[in-house]
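K.L.:
Just passing along the structure, written as structure tokens.
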Amino acid sequence: MVKIAIAGATGNVAQEVTEALIAAGKHEILLLTRRDTAGLSSDNPLTNVTWVTTDYDDLNGLCKTLQGVDTVLSFIVTHSDPGNVAQKNLIDASVRAGVKRFAPSEWATSSFDHLPWYAGKAEIREYLAELNKDKKVLEYTLFQPGQFTDYLCHPYKSSRHIHPFQTQIDFHARRAIILEGSEDARITWITAKDLANVVAKAVEYEGEWPVDGGIQGDELTIGEIITLGEKIRETGAPFTVEKLNAEDVKAGIVKSSWLPVVDHPSLSRTEVEAMAKGFLCGILLGISAGVLRVSNGWNRLLPDYKFTRAEELLTEIWEGKP
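Residue numbers (the UniProt record's numbering): 1 to 322.
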């Protein structure tokens, strides 16, 4: 049995991973949160699962909490952690407590070009690389799943905890916003369930964790995703595709008739509205630059795992929907 600590345990991706680890029935799990755990514990009276109210500013307290822990999985929301203080303290405490393995709060993609909201993740990558510069102090992997296929199910849910939000490819309204000439740009897709299962298997993996933790569930071009949407939605009508000029988008000019509403649970309504245009610009430019493609690092280490293809999930969710 491995002892695992999950930081930021109330987040949606964290809960997906936690359920996969609980289902394995092989681990003692500490769920770390800043919240009062009284209600959380009563809602989740599971054997070998313990909620721990955590002060990430208290390095000594963190060290005490992490005693005997083999693996730390961090889901701390970086844009809510100014200066990455909480996550850096978590890393330092892991080293001092003798933690073997650490997964920082990645859970996204390989490159952050054009995606400034991920700046905190980039800083943590540098922090970990510097930590191991002269010798390996802490084994870690950057779990990079690319884009969740579940988001294309909006407004319907395809997993228990992932909150689907509207993207620039909107299956529900049969429309899309893309950059001119970006039809062949590729995106790596994965279901939330597959990501959670891979992390659960990675915890049990006996070899050394790779720093490059790419996970490929599926990979499709922008054009292929739109064609798939037209096929699955069964209307016979093509998607309405608005194509934006790249130079306009680089200048922050968006000449589209609508904007995706990225109502992520970690963002307030005010933040969502303020970020809408910038988020769309960053995503469109990022896709064209290939930043939403990831490696197959964990696929190679777990060759027997069968991933759910995008068409499989989306057909299941959209069948018979208006």
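Just so you know, even glycine gets a beta-carbon here, dropped at the ideal spot from N, CA and C. Being a predicted model, the structure only gives us computed values, none of them experimental.
For Leu244, which of Lys255, Ala237, Glu19, Pro238 has the nearest alpha-carbon?
P.N.:
Ranking Lys255, Ala237, Glu19, Pro238 by Cα distance to Leu244 puts Lys255 first.
K.L.:
Applying the criterion that 16 or more other CB atoms from any shown protein chain within 10 Å of the CB defines a buried residue, is Ala129 buried or exposed?
P.N.:
Exposed is the call here.
K.L.:
Assess contact between the segment 54-66 and the segment 170-177, defined as three or more Cβ pairs (one per stretch) separated by less than 8 Å. Is contact present?
P.N.:
The answer is no - the segment 170-177 does not touch the segment 54-66, with fewer than three Cβ pairs under 8 Å.
K.L.:
Within 10 angstroms of the Cβ of Asp170, are there 16 or more other Cβ atoms? Answer buried if so, exposed if not.
P.N.:
Result: buried.
K.L.:
Look at residue 326 and Ser105 and say whether their C-beta atoms are less than 9 Å apart.
P.N.:
This structure cannot speak to residue 326, because the chain is shown only from 1 to 322.
K.L.:
Excluding the 5 residues preceding and the 5 following Asn84 in the sequence, name in chain order all residues of the same chain whose CB lies nearer than 8 Å to its CB.
P.N.:
Taken in chain order, the residues that qualify are Thr78, Gly120, Glu123, Ile124, Tyr127.
K.L.:
Am I right that Thr47 and Arg34 are in contact with their C-beta atoms under 8 Å? What's the rounded C-beta distance?
P.N.:
Not a contact, Cβ separation roughly 25 Å.
K.L.:
Express the C-alpha separation of Thr141 and Gly252 in angstroms, rounding to a whole number.
P.N.:
Each residue's Cα considered, the two are about 34 Å apart.
K.L.:
In terms of residue numbering, what span does the alpha helix (DSSP H) encompassing Arg300 cover?
P.N.:
Taken as a continuous stretch (DSSP letters only), the alpha helix (DSSP H) holding Arg300 covers 297-301.
K.L.:
Can you check DSSP and say which residues form a bridge with Phe102?
P.N.:
Phe102 is bridged to Val72, Tyr140.
K.L.:
Just to confirm my understanding: we take Gly297, look at its own chain, exclude 5 residues before and 5 after, and list those with CB closer than 7 Å. What are they?
P.N.:
Result list for Gly297: Pro210, Asp212, Gly213, Gly214, in chain order.
K.L.:
If I measure Cβ to Cβ from Leu292 and keep anything under 7 Å in the same chain, skipping five residues before and after, which residues do I get?
P.N.:
Answer for Leu292: Thr109, Gly146, Gln147, Ile187, Thr188, Gly286, listed in chain order.
K.L.:
Kindly confirm or deny that the segment 303-317 and the segment 187-206 touch, where touching means at least three C-beta pairs closer than 8 Å.
P.N.:
Counting Cβ pairs under 8 Å, three or more are found: they touch.
K.L.:
Taking Pro2 as part of the beta strand (DSSP E), name the residues at either end of that continuous run.
P.N.:
Going by the sequence as given, residue 2 is Val instead of Pro. Here the beta strand (DSSP E) through Val2 covers 2-7.
K.L.:
Within its chain, find whatever has a CB closer than 6 Å to the CB of Ala200; leave out the 5 residues flanking it on each side and keep chain order.
P.N.:
The answer, listed in chain order, is Ala20, Leu21, Ala24.
K.L.:
Looking only at DSSP bridge pairs, what is Asp304 linked to?
P.N.:
DSSP lists no partner for Asp304.
K.L.:
When the cut-off is 9 Å and only beta carbons count, does Tyr127 lie next to chain B?
P.N.:
Any reference to chain B falls outside this structure, which holds one protein chain only.
K.L.:
Along the beta strand (DSSP E) that carries Leu30, what are the first and last residues, could you check?
P.N.:
27-33 is the extent of the beta strand (DSSP E) around Leu30.
K.L.:
Just to check my reading of the structure: Ala5 and Val69 have Cβ atoms closer than 8 Å, yes? What is that Cβ distance to the nearest angstrom?
P.N.:
Sure, about 5 Å apart at Cβ, within 8 Å.
K.L.:
Could you pull out every residue in the same chain whose Cβ sits closer than 8 Å to the Cβ of Phe279, ignoring the five residues on either side in sequence?
P.N.:
Correct list, in chain order: Trp117, Pro260, Val262.
K.L.:
Ends of the beta strand (DSSP E) at Lys243?
P.N.:
Where Lys243 is concerned, the enclosing beta strand (DSSP E) stretches over 240-244.
K.L.:
Where does Lys136 land, buried or exposed, given buried means 16+ other C-beta within 10 angstroms?
P.N.:
With fewer than 16 other Cβ atoms within 10 Å, it is exposed.
K.L.:
Among Gln168, His163, Glu206, Val249, which one has its Cα closest to the Cα of Thr10?
P.N.:
Nearest of Gln168, His163, Glu206, Val249 to Thr10, Cα basis: His163.
K.L.:
CA-CA distance, Trp51 and Leu30?
P.N.:
Cα to Cα, the separation comes out at about 6 Å.
K.L.:
Is it buried or exposed, Asp58, if we count other Cβ atoms within 10 angstroms and call 16 or more buried?
P.N.:
Exposed: under 16 other Cβ atoms inside 10 Å.
K.L.:
For Tyr156, does the count of other Cβ atoms within 10 angstroms reach 16, so buried, or fall short, so exposed?
P.N.:
That one is exposed.
K.L.:
What are the boundary residues of the beta strand (DSSP E) that includes Arg186?
P.N.:
186-190 is the extent of the beta strand (DSSP E) around Arg186.
K.L.:
Residues bridged to Ile177 by DSSP?
P.N.:
In DSSP, Ile177 forms a bridge with Glu242.
K.L.:
Starting from the Cα of Phe143, find the closest Cα among Arg101, Phe165, Asp150 and give me that residue.
P.N.:
The residue with the shortest Cα to Cα distance from Phe143 is Arg101.
K.L.:
Phe148 by DSSP, collapsed to three states: which one?
P.N.:
It is a strand residue.
K.L.:
Does DSSP put Asp263 in a helix, in a strand, or in coil?
P.N.:
In this structure, Asp263 counts as coil in the three-state DSSP scheme.
K.L.:
Would you call the CB atoms of Ser182 and Ser288 closer than 9 Å?
P.N.:
Cβ distance < 9 Å, so Ser182 and Ser288 count as in contact.
K.L.:
Taking DSSP as the reference, what is the three-state secondary structure of residue 348?
P.N.:
Outside the shown range of the chain, which is 1 to 322, sits residue 348, and nothing can be said about it.
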